[in-house]
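Engineer: I have a structure here, written as structure tokens, and I will follow up with some questions on it.
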Amino acid sequence: MDKEKKEESSAIHPAVAPLSYLLGTWKGEGEGGYPTINSFRYGEELHFSHPASGKPVIAYSHKTWKLDSDQPMHSESGYWRPKPDGSLEVVIAQSTGLAEVLKGTYSAEDNVIKLHSQVVANASKITITMKPHSLGLRSDLHGMEASIGLTHALLLMVREISRVYEMVNGDLHYVVQMATNLTTLQPHLKAVLKKLP
2 MDKEKKEESS AIHPAVAPLS YLLGTWKGEG EGGYPTINSF RYGEELHFSH PASGKPVIAY
62 SHKTWKLDSD QPMHSESGYW RPKPDGSLEV VIAQSTGLAE VLKGTYSAED NVIKLHSQVV
122 ANASKITITM KPHSLGLRSD LHGMEASIGL THALLLMVRE ISRVYEMVNG DLHYVVQMAT
182 NLTTLQPHLK AVLKKLP
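If you read the sequence shown in the working numbering, its first letter stands for residue 2, the second for the next number, and so on.
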């Protein structure tokens, strides 16, 4: 394993070098919420690596789990392609079937990465079940269902995603915002992660 790490660090492509501080494994806790779901907390691990091919790409993987049971919740993986001009292209495939193509910028001086979706594909696989009043639906139209506790199943289609990653005092902070067919762009996930030795 140490040999792999040595080879990885000695062959960093110049385009990847400004983001080399990301390379390695990060672990911590996060919290999520959205107008259409209950808030929740989760454990998380991110891993960034620079493939031995020496190409200008960073491989990315992410997994989360329930804090109380360690039960897996979500995973995603993809590739980050930094450019020398400070721009960045990212592709991510999520375990839900959703795929993202994002573009953005990075600042080597401030260690801030800002990404915004260009494409969100296969985004209609998420179904939520909720009480009508949680979406602000008129109680006079749905009063009976609400009064007896019935819920409605709705198809939630993700339309837009933004991600911001920032180094703060050696910790990796991130915020993910999401827009759907029911909501505008607003916070969905945030976490603080520490780099593992």
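Don't be surprised by glycine CBs; every beta carbon is placed ideally from N, CA and C.
1) Please classify V120 as buried or exposed, where buried requires at least 16 neighbouring CB atoms within 10 angstroms.
2) Would you tell me roughly how many angstroms separate the C-alpha atoms of K191 and K67, rounded to the nearest one?
3) Find the nearest neighbour of L156 within the set T37, Y43, R42, judged by alpha-carbon distance.
4) Pull up the CB-CB distance for Y107 and G79, whole angstroms please, since I reckon it's below 8 angstroms.
5) With respect to the beta strand (DSSP E) encompassing A122, which residues constitute its N-terminal and C-terminal limits?
6) Give me the residue from G98, R164, K196, V17 with the minimum Cα distance to S54.
7) Ordered along the chain, which non-local residues of its own chain (more than five positions away) have a Cβ less than 8 angstroms from that of A124?
8) For S148, collect the residues of the same chain with a Cβ closer than 7 angstroms to its Cβ; drop the 5 residues on either side in sequence, then sort them by chain order.
9) Does the count of Cβ pairs from the region 182-189 and the region 13-32 closer than 8 angstroms reach three?
10) Who pairs with E181 in a beta bridge, going by DSSP?
11) Applying the 10 Å Cβ sphere with the 16-neighbour rule, what's the burial state of R139?
12) What separation, rounded to the nearest whole angstrom, lies between the Cα atoms of G33 and G87?
13) In chain order, what residues of the same chain have a beta carbon less than 7 angstroms from the beta carbon of L48, not counting five sequence neighbours either side?
14) Helix or strand or just coil, what does DSSP make of M145?
Structural biologist: In short, the structure shows the following:
1) On the sequence shown, residue 120 is found 119 positions in, with the first residue counted as 1. It is exposed - the Cβ of V120 has fewer than 16 other Cβ atoms within 10 Å.
2) Mapped onto the sequence shown, residue 191 falls at position 190. Mapped onto the sequence shown, residue 67 falls at position 66. One Cα belongs to K191, the other to K67, and the distance between them is close to 15 angstroms.
3) On the sequence shown, position 155 is the one that residue 156 refers to. Measuring from the Cα of L156, the nearest candidate turns out to be T37.
4) Counting from one through the sequence shown, the residue named residue 107 turns up at place 106. Counting from one through the sequence shown, the residue named residue 79 turns up at place 78. Not a contact, Cβ separation roughly 16 angstroms.
5) Residue 122 sits at position 121 when you count from the first residue of the sequence shown. Residues 113-122.
6) Position 53 of the sequence shown, counted from the first residue, corresponds to residue 54. Selection G98, R164, K196, V17 evaluated against S54 yields V17 as nearest (Cα-Cα).
7) Along the sequence shown, one-based indexing puts residue 124 at 123. Spatial neighbours of A124 in its own chain (CB-CB distance under 8 angstroms, excluding positions within 5 residues in sequence) are listed in chain order as L99, M158, V159, R160.
8) One-based indexing of the sequence shown puts residue 148 at position 147. Low confidence applies to S148: its pLDDT is 38, below 50, so where it sits in the model is not reliable, and the reading given next is rough at best. Within the same chain, S148 has no close Cβ partners at all.
9) Counting Cβ pairs under 8 angstroms, fewer than three are found: no touch.
10) Numbered from its first residue, the sequence shown carries residue 181 at position 180. The sequence shown places Thr at residue 181, rather than the Glu named in the question. Looking at the DSSP assignment, T181 forms a beta bridge with V159.
11) Numbered from 1 along the sequence shown, position 138 holds the residue referred to as residue 139. Caution is warranted here: a pLDDT of 37 is assigned to R139, below 50, making its placement in the model unreliable, and no coordinate value can be reported.
12) Within the sequence shown, the letter at position 32 stands for residue 33. Within the sequence shown, the letter at position 86 stands for residue 87. Using only the alpha carbons, I get a separation of about 29 angstroms.
13) For this step, residue 48 is matched to residue 47 along the sequence shown. For the sequence presented, residue 48 should be read as His rather than Leu. The residues are T26, S62.
14) Translated into the one-based positions of the sequence shown, residue 145 becomes position 144. At M145, the pLDDT of 34 sits below 50, so the modelled position is not reliable; the number obtained from the coordinates is stated separately. Three-state result, M145: helix.
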